[in-house]
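Quick notes on the structure that follows.
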Amino acid sequence: MKKKIAFAGFRHGHIMSLYDRAGKHQNLEIVAACEEDAATRDALRRGEQVNITHHDFTQMLDEVPCDLIAIGDYYTRRGSLAIEALRRGKHVLADKPLCTGRAELEEIAALAGGKGLSVFCMFDLRSRSVFGEARKLIREGNLGKIVQIQFSAQHPLLRDSRPAWYFEDGKHGGPINDIACHAIDLLPWLTGSRIGRIIAARSWKAMNPGNDDFRDAGQFMLELDNGCGVMGDVSYSAPDSIAYSHPCYWRFNIWGTGGMIEFRCQDPAIHAWLNGNAGEVLIQAPEQSGADYLDDFLAEIDGTPGELTTAAVLQATRTTLEIQALADKQP
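Number 719 marks the last residue of the sequence shown (this note's numbering); no jumps.
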């Protein structure tokens with residue numbers, strides 16, 4: 389039997405990919421779509437992209453029977469939408485970040501645990517085949533003990549084309565919570581080691597030309613529970629004209645006692661330098677992608693959880709919020 393899914397909030401473009409997938413998915417039926425912002429609602433209708441059925445989220449929950457709620461509103465709104473959906477007994481799938489406050493997260497966790505509901509984010513990097521191949525190399529011991537990791541995920545600011553709410557006070561929540569949640573989810577999955585402690589974090593205004601307080605740069609240092617050091621940069625510092633087509637977009641460098649590897653989100657091969665080899669080895673990733681967040685979300689609801697789980701999503705969100713909170717303390 390198909391699961392009934394309703395959508396709440398389209399003020400961020402990522403949710404459109406999920407809406408399109410749900411409309412074609414053999415196990416999902418879209419039964420409602422809510423957009424409370426009039427300008428966004430009108431734009432969607434002009435483009436005939438979404439069949440908007442409701443202007444009020446609570447009214448939609450009152451009127452439409454459904455199993456799942458997909459959330460894609462502005463960042464600081466998502467937590468309250470997720471809490472209300474969980475209170476009504478609905479599973480929740482949100483664009484990342486799930487929320488921007490620790491108190492909201494703990495209420496979400498309590499409701500999900502108490503009601504036996506699933507809460508997922510659209511953590512889509514796990515399904516990239518190059519990431520899965522890197523995980524295989526690491527988990528099979530080809531790099532020995534993992535001792536150092538550096539990653540970069542510089543995004544373009546795109547100030548003139550991003551939704552205006554990005555730069556409005558109190559709606560974004562910081563670049564680390566926005567971007568780094570992907571990496572915080574990936575690190576334990578890739579290495580098998582949990583994040584042990586947060587060493588340092590900074591968020592500041594570097595590239596943003598606007599007369600506002602939007603902090604567009606974010607960097608941090610972590611230690612995994614095996615002692616591995618991690619350094620990450622998740623700034624909006626890529627040139628707008630290049631956008632996401634640059635070598636520092638989701639690039640990982642990982643060193644172990646047996647060698648090192650480099651891989652990138654948009655590259656089909658892993659660059660490896662291993663003990664015993666005189667030079668670089670290119671390791672091609674398989675063409676097929678791995679299971680993604682939607683597959684694992686529906687599997688967990690059906691009682692057969694995959695690799696991504698509610699527990700993993702909540703822990704990644706919790707750690708990312710802690711890093712962002714430390715960064716926010718910096719002047």
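For every residue, glycine included, the Cβ atom is placed at its ideal position computed from N, Cα and C.
>> On the DSSP bridge list, what partners appear for Cys509?
In response: Answer is Ala482, bridged to Cys509.
> Quick one, which of Ile711, Leu449, Arg409, Ile471 has its alpha-carbon nearest Ile587's?
Replying inline: Measuring C-alpha to C-alpha distances from Ile587 to each of Ile711, Leu449, Arg409, Ile471 identifies Ile711 as the nearest.
> In whole angstroms, what separates the C-alpha of Leu474 from that of Glu556?
Replying inline: CA-CA distance, Leu474 to Glu556, rounds to 28 Å.
>> Please return the same chain residues whose Cβ sits closer than 7 Å to the Cβ of Leu545, not counting the five positions on each side in sequence.
In response: Met595, Asn596, Asp604, Tyr624, Asp628, listed in sequence order.
>> Buried or exposed, going by whether 16 or more other CB atoms sit within 10 Å of the CB of Ile630?
In response: Residue environment for Ile630: exposed (fewer than 16 other C-beta atoms within 10 angstroms of its C-beta).
> With respect to the beta strand (DSSP E) encompassing Gln781, which residues constitute its N-terminal and C-terminal limits?
Replying inline: For residue 781 there is no data in the structure shown, the boundaries of the chain being 389 and 719.
>> Just to confirm, is the Cβ distance from Leu531 to Ile658 under 8 Å?
In response: Cβ distance not < 8 Å, so Leu531 and Ile658 don't count as in contact.
> Between which two residues does the alpha helix (DSSP H) carrying Asp621 extend?
Replying inline: No alpha helix (DSSP H) contains Asp621, which is instead part of the beta strand (DSSP E) from 617-621.
> Can you tell me the Cα-Cα spacing of Ala715 and Gly561, whole angstroms?
Replying inline: Spanning the two alpha carbons is a distance of roughly 11 Å.
> Is Gly460 helix, strand or coil by DSSP?
Replying inline: DSSP places Gly460 in the coil class of the three-state scheme, outside both helix and strand.
>> Looking at the strands, I want to know which residues DSSP matches up with His413.
In response: Answer by DSSP bridge pairing: none, since His413 is not bridged.
>> On the DSSP bridge list, what partners appear for Gly422?
In response: It should be noted that the sequence gives Cys, not Gly, for residue 422. In DSSP, Cys422 forms a bridge with Ala396, His442.
> Span of the alpha helix (DSSP H) holding Leu686?
Replying inline: Start and end: 681-689.
> Where does Ser633 sit, in a helix, a strand or coil, going by DSSP?
Replying inline: Coil at Ser633, not helix or strand.
> Helix, strand or coil for Trp661 per DSSP?
Replying inline: In the structure shown, Trp661 sits in a strand (DSSP, three-state: E or B).
>> Measuring CB atoms only, is the stretch 447-454 touching the stretch 409-420, in the sense that at least three cross pairs come out at less than 8 Å?
In response: The way I'd put it, the stretch 447-454 does touch the stretch 409-420; three or more beta-carbon pairs between them come closer than 8 Å.
> In chain order, what residues of the same chain lie with their CB nearer than 8 Å to the CB of Ala713, ignoring the 5 residues before and after it?
Replying inline: Only Arg490 meet the Cβ criterion.
> Would you say Lys484 and Phe511 are within 8 Å of each other, going by their C-beta atoms?
Replying inline: Between Lys484 and Phe511, the CB-CB gap stays under 8 Å.
> Between which two residues does the beta strand (DSSP E) carrying Trp351 extend?
Replying inline: Since the displayed the chain opens at 389 and closes at 719, residue 351 lies outside it and no answer follows.
> Using 8 Å as the threshold, is the stretch 670-680 in touch with the stretch 458-475, meaning 3 or more CB pairs across them?
Replying inline: No, because fewer than three Cβ pairs between the stretch 670-680 and the stretch 458-475 fall closer than 8 Å, the two stretches do not touch.
> Where Leu575 and Ser581 are concerned, what is the direct C-alpha to C-alpha distance, given to the nearest angstrom?
Replying inline: Looking at the two C-alpha atoms, the distance is approximately 8 Å.
> So Ser517 is in the alpha helix (DSSP H); what residue range does that whole segment cover?
Replying inline: For Ser517, the enclosing alpha helix (DSSP H) stretches over residues 517-527.
> Nearest-angstrom Cα distance between Arg639 and Arg590?
Replying inline: Approximately 20 Å, taken between the alpha carbons.
>> With H, G and I counted as helix, E and B as strand and the rest as coil, what does DSSP make of Phe651?
In response: Per DSSP, reduced to three states, the secondary structure at Phe651 is strand.
>> Measuring CB atoms only, is the stretch 491-509 touching the stretch 681-696, in the sense that at least three cross pairs come out at less than 8 Å?
In response: Touching, yes, given that three or more Cβ pairs across the two stretches are closer than 8 Å.
> How many whole angstroms separate the CB atoms of Ile564 and Gly606, which I take to be in contact at a CB cut-off of 8 Å?
Replying inline: About 4 Å separates the two Cβ atoms, so the contact holds.
> Looking at the unbroken beta strand (DSSP E) that takes in Arg706, where does it start and where does it end?
Replying inline: Note, Arg706: premise wrong, no beta strand (DSSP E); alpha helix (DSSP H) at 698-716.
>> Quick check: does the Cβ of Lys392 come within less than 7 Å of any heavy atom belonging to the ligand HEM?
In response: You won't find the ligand HEM in this model; it holds no ligand whatsoever.
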